[in-house]
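Peer 1: Okay, here's the structure, questions in a sec.
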Amino acid sequence: MRATGAALLAALVTIPLSAAPAAADTVGYTGLVSDADGTPVANACFALHTSPTAVAAEYCSDAQGRYTIPGVAGAPDYKIRMHAEGFRTEWWYAAPDYLNADRVSIPAYDLVEQNVTLGRGSAGITGRITDTDGTPADVTVTIHAEDSGYEAIAYTWDLGDGRYRIDNVPPGRYRISVYDNPRGNQWVPGQETRDDATVFDVADGDSLVVDEQLLPLGEIEARVTDAVTGAPVPRPCLYVSGRHDGSVCGADGLVRVTGVRPGSWETEVTGGASYFPADPKPTIDVRRGQVTKVSYTLRPGAAFTTTVRDAATSAPVDGICVHLVRPRWGGQSAHMLQYCSDTDGHLEVGPFEITGLDAVQLYAFQAVNPYYPPAKRYGDQWVTANGGSGDQRDALQVTFKAGQTITIPTIRVDPPGSITGTVRNAAGAVVPGVCAYPYAFHPGQGNIFGKNCANSEGRYTIENLGPYRWPVEFAPSSNSGYAWQWSGDVADRYAATYTKVSPGGTATVDAKLVAGGVLAGKVTDPADPYASGYVWTYNVRTGDIASASYGYFSSGGSFTVKGHRTQDVHVQYWVNKDCWYGIRYATSVSVTAGATTTLAMDTTTRTCARPPIVTSQTRS
């Protein structure tokens, strides 16, 4: 055997031609090269390509048609071109060119017998593919052998100008297909199915020229109206499954989607935050070269809209998001749904069903992609009727109206500052791992970990706070033994110390933790002695979560809720139904830091009461 090429691998050494079989210690591929009749082919060569033009090594068969390609551990994969005088050039396995060839890993630990058959006769197929308007098209062309499983592809963008070429094609009968993502497959000439395609006879030496023009696609024109008023939906959008361009939006009740493949397509019809999507999702039949006209009505929901602006310049600000926060029994969690402003500063939130929907307050913050940081940073805020605040009691309460979109005051955002501090226990030792939040936190969906959690030195930092007065909640984990508390070492947000944050500045708020109080007891359901459920506690004055986690109970009903500072709480429990501890309405329960308070609760009217009577939580 011999090895040639511009970039010989050191490991692939030249082996002299020999009629003897490969040595016992040789690894790689070996076998017999023959023609279609089984006659051995001498001097048939195997070129190992690392690219269409670069050959790493070449090995040829001996006089008896035997070849060996030695393998070496760590060698790269190759595409192998096989050629011999009087035979068609082929690529391992049964491919006409580098594009269609498989990458081959030469065995490095075994000698694998792989016989090779070379064929005679060669043809070429070329052509040009154009769009419906005659412009060149970037597509994939595939030839399909009619009498075998042979296939080969070509890309028109390789040659440009919509042209393709496939050489070294075995003589035979072929059908030809053309494909791209938006259009799917079509068959030459201009057919939808393989059965309707022309069969081309290709003989040795032929150079078949086959051009094709792409078939026209279909269009969808949708008119979308308000189901109540009949008025056009201002900004309808239509998504067609199978397309790769996302939703297409229109205006004044009209949306038109072009370039739709023929067929039956599921669609999604939306109208922004003010409307519920069409349900069920409509299915539309699309035909080539035709406009399919459809009409839809969308049911209006409750929503609100506003604009986000820079407080100093009034310029619109994109990427400002809001959480919808219940004034009581809520708080913010790790995975809340958020709604964000667009490039024009426009923010819309909805649609909602009005039934059971409480008034909400808005906590605004800047969504930051670390790979594409915003040009200007803005601080968090509670949205008020005129600017931002760090006090939830100042926040605007948004009350939705059934089937209507209301407009709320402009959200005006300011530059940020920070709060930092050290968390210690009563003995003065630092307490790592305690997370701090500038709002009432709800642990139901996990903690928010980051710089806001104390490091090994007990230091935490809350970044990106608007220039307002802020409280800080310290939330030790339930197994830490410490109580949740607010800045000023107090139990509730109203009593907390509020600290002013300055733009670009850092304020300091330290904490001294105390041992947490425990609420323990038993919950029973006389109708279901094996029932399971959970218990939450809320501060009576603020309605904020009062401890590190809920207390879970299973068969037997025993529960424990840890982490309370001294305070009065309302107790919510769920066991086959929602209950609040009390007689008619929820009554307060006193818990004490470092001590255990015990309750017995059930699902009867003896302790299963209605939620607490709520007073206003906004400033008068």
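Per mature numbering (1 follows the signal peptide of the UniProt record, and there is no 0): the sequence shown = residues -19 to -1, 1 to 601.
For glycine and all other residues, C-beta sits at the position ideal for the given N, C-alpha and C.
Only a predicted model underlies this, so the values are computations on that prediction, with no experimental measurement involved.
With three or more C-beta pairs closer than 8 Å as the rule, is the stretch 511 to 525 touching the stretch 549 to 564?
Peer 2: yes
Peer 1: Would you tell me roughly how many angstroms separate the C-alpha atoms of Gly100 and Trp73, rounded to the nearest one?
Peer 2: Counting from 1 along the sequence shown, the entry for residue 100 is found at position 119. Counting from 1 along the sequence shown, the entry for residue 73 is found at position 92. Taking the straight line from one Cα to the other gives about 13 Å.
Peer 1: For a quick check, are the C-beta atoms of Gly252 and Gly384 less than 8 Å apart?
Peer 2: Here the question's residue 252 lines up with position 271 in the sequence shown. Here the question's residue 384 lines up with position 403 in the sequence shown. No, the Cβ-Cβ distance between Gly252 and Gly384 is not below 8 Å.
Peer 1: Out of curiosity, what's the CA-to-CA distance linking Val53 and Val150?
Peer 2: Position 72 of the sequence shown holds residue 53. Position 169 of the sequence shown holds residue 150. Approximately 33 Å between the Cα atoms of the pair.
Peer 1: Tell me which residues share the same chain as Asn557 and place their Cβ nearer than 8 Å to its Cβ, disregarding the 5 neighbours each side in the sequence.
Peer 2: Taking the sequence shown and counting its residues from 1, one reaches residue 557 at position 576. Contacts found: Asp506, Ala508, Asp509, Ala512, Gly514 and Thr584.
Peer 1: Which term fits Ala464, buried or exposed, when burial requires 16 or more other beta carbons within 10 angstroms of its beta carbon?
Peer 2: The residue labelled residue 464 in the question sits at position 483 within the sequence shown. Buried, because 16 or more other Cβ atoms sit within 10 Å of the Cβ of Ala464.
Peer 1: My guess is that Arg154 and Val180 are in contact by the Cβ rule of under 8 Å, so how many angstroms apart are they, rounded?
Peer 2: Looking up residue 154 in the sequence shown gives position 173. Looking up residue 180 in the sequence shown gives position 199. About 5 Å separates the two Cβ atoms, so the contact holds.
Peer 1: Which first and last residues belong to the alpha helix (DSSP H) in which Trp138 is found?
Peer 2: Within the sequence shown, the letter at position 157 stands for residue 138. Element bounds for Trp138: Thr137 to Leu140.
Peer 1: In the DSSP assignment, find the unbroken beta strand (DSSP E) run with Val272 in it and report its ends.
Peer 2: Against the sequence shown, residue 272 aligns to sequence position 291. Segment Val272 to Leu279, the beta strand (DSSP E) holding Val272.
Peer 1: Cβ of Leu198 within 8 Å of Cβ of Arg164?
Peer 2: On the sequence shown, position 217 is the one that residue 198 refers to. On the sequence shown, position 183 is the one that residue 164 refers to. Yes, Cβ-Cβ distance for Leu198 and Arg164 is below 8 Å.
Peer 1: Is it the case that the Cβ atoms of Glu200 and Thr264 are separated by a distance below 8 Å?
Peer 2: Taking the first residue of the sequence shown as 1, we reach residue 200 at position 219. Taking the first residue of the sequence shown as 1, we reach residue 264 at position 283. Not a contact, by the Cβ cut-off of 8 Å.
Peer 1: Buried or exposed: which applies to Thr(-6), given that a residue is buried once 16 or more other Cβ atoms fall within 10 Å of its Cβ?
Peer 2: Within the sequence shown, the letter at position 14 stands for residue -6. For Thr(-6), the predicted structure reports a pLDDT of 32, less than 50, and the residue's modelled location is therefore unreliable. A value from the coordinates is still provided. Looking at its Cβ environment, which holds fewer than 16 other Cβ atoms inside 10 Å, Thr(-6) is exposed.
Peer 1: For Gln378, which residues in the same chain have their Cβ closer than 8 Å to its Cβ, ignoring the five residues on either side in sequence?
Peer 2: Residue mapping note: residue 378 aligns to position 397 of the sequence shown, counting from 1. So the list reads Pro308, Ala340, Val341, Gln342 and Thr599, once near-sequence residues are dropped.
Peer 1: How should Gly544 be labelled, buried or exposed, when 16 other C-beta atoms within 10 angstroms of its C-beta is the threshold for buried?
Peer 2: For the purposes of this step, residue 544 is identified with residue 563 of the sequence shown, where counting begins at 1. It is buried - the Cβ of Gly544 has at least 16 other Cβ atoms within 10 Å.
Peer 1: For Gln271, is the classification buried or exposed, using 16 other Cβ atoms within 10 angstroms of its Cβ as the cut-off for buried?
Peer 2: Walking along the sequence shown from the start, residue 271 turns up at place 290. An exposed status is given to Gln271, since fewer than 16 other beta-carbon atoms sit within 10 Å of its beta-carbon.
Peer 1: Determine the DSSP secondary structure at residue 654, reduced to helix, strand or coil.
Peer 2: Because the chain spans -19 through 601 in this model, residue 654 falls outside it and cannot be assessed.
Peer 1: Exposed or buried, which one is Arg69 when buried takes at least 16 other CB atoms within 10 Å?
Peer 2: Indexing the sequence shown from 1 puts residue 69 at position 88. When all chains shown are included, Arg69 counts as buried.
Peer 1: Going by DSSP, what residue range makes up the beta strand (DSSP E) through His30?
Peer 2: Within the sequence shown, the letter at position 49 stands for residue 30. Where His30 is concerned, the enclosing beta strand (DSSP E) stretches over Cys26 to His30.
Peer 1: Would Ala5 be called buried (16 or more neighbouring beta carbons within 10 Å of its own) or exposed?
Peer 2: Along the sequence shown, one-based indexing puts residue 5 at 24. Its pLDDT being 46, under 50, Ala5 is placed unreliably by the model, and nothing is read from it.
Peer 1: Between the alpha carbons of Val542 and Ser459, how many angstroms are there, rounded?
Peer 2: Taking the sequence shown and counting its residues from 1, the one referred to as residue 542 is at position 561. Taking the sequence shown and counting its residues from 1, the one referred to as residue 459 is at position 478. If you take the alpha carbons of Val542 and Ser459, they lie about 8 Å apart.
Peer 1: Less than 8 Å between the CB atoms is what I'm expecting for Thr487 and Ser399, so what's the real figure, rounded?
Peer 2: The residue given as residue 487 occupies position 506 in the sequence shown. The residue given as residue 399 occupies position 418 in the sequence shown. With a Cβ gap of about 4 Å, Thr487 and Ser399 count as contacting.
Peer 1: Tell me the rounded alpha-carbon separation between Ala56 and Asp78.
Peer 2: Numbered from its first residue, the sequence shown carries residue 56 at position 75. Numbered from its first residue, the sequence shown carries residue 78 at position 97. Ala56 and Asp78: Cα-Cα distance of roughly 22 Å.
Peer 1: Looking at C-alpha atoms only, which residue of Ser129, Gly130, Thr111 and Asp128 is the closest neighbour of Val122?
Peer 2: The residue you call residue 122 lines up with position 141 of the sequence shown. Closest by alpha carbon: Thr111.
Peer 1: Do you know whose CA, among Val267, Pro413 and Ala477, lies nearest Gln373's CA?
Peer 2: Within the sequence shown, residue 373 is the residue found at index 392, counting from 1. The option with the nearest alpha carbon to Gln373 is Ala477.
Peer 1: Return helix, strand or coil for Pro51, following the three-state DSSP convention.
Peer 2: To locate residue 51, count along the sequence shown from 1; it is residue 70. Pro51 falls in the strand class under three-state DSSP.
Peer 1: For Gln362, count neighbouring C-beta atoms within 10 Å of its own C-beta (all shown protein chains included) and say buried if the count is 16 or more, exposed if not.
Peer 2: In the sequence shown, the residue the question calls residue 362 occupies position 381. So Gln362 counts as buried.
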